[in-house]
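Chemist: Take this structure, written in structure tokens, and hold onto it; I'll ask about it next.
Residue numbers (the numbering used here): 2 to 93.
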């Protein structure tokens, strides 16, 4: 699985297709297949991690594949709770 962290709160309700294309590009690199020892006929799963202050998990490794992004095969997202100071969160 190729993992990329994005510090974008909007992932809780939607996705950024450019970010998905970026992580998918990493998953197509020959060096990644060689490093993982995976046959090139297999699709490598991709995961986007994003901050989710309301519904995020404190346990990053629990159910990494629970939220597949419907428009793509093998692309998942997981929200995690991050430590924060109350008055410093800006909503975009």
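Cβ coordinates follow ideal geometry from the N, Cα and C atoms, glycine included. Every value quoted in this text rests on a predicted model; they were computed, and no experiment measured them.
For residue 50, count the other beta carbons within 10 Å of its own beta carbon; 16 or more makes it buried, fewer makes it exposed. Which is it?
Modeler: In the chain shown, the residue the question calls residue 50 occupies position 49. Looking at its Cβ environment, which holds 16 or more other Cβ atoms inside 10 Å, residue 50 is buried.
Chemist: If I measure Cβ to Cβ from residue 35 and keep anything under 6 Å in the same chain, skipping five residues before and after, which residues do I get?
Modeler: Reading the chain shown from its first residue, position 34 is the one you call residue 35. No residues qualify anywhere along the chain.
Chemist: Quick test of the definition: if touching needs 3 or more C-beta pairs under 8 Å, does the segment 46 to 63 touch the segment 73 to 81?
Modeler: Yes: the two stretches touch, three or more of their Cβ pairs being nearer than 8 Å.
Chemist: By a C-beta neighbour count over all protein chains shown, 10 Å radius and 16 as the cutoff for buried, is residue 12 buried or exposed?
Modeler: Within the chain shown, residue 12 is the residue found at index 11, counting from 1. Residue 12 is buried by the Cβ-count criterion.
Chemist: With distance defined between alpha-carbon atoms, name the residue in 6, 31 and 57 nearest to residue 45.
Modeler: Position 44 of the chain shown, counting from 1, holds the residue named residue 45. Nearest option by C-alpha distance: 31.
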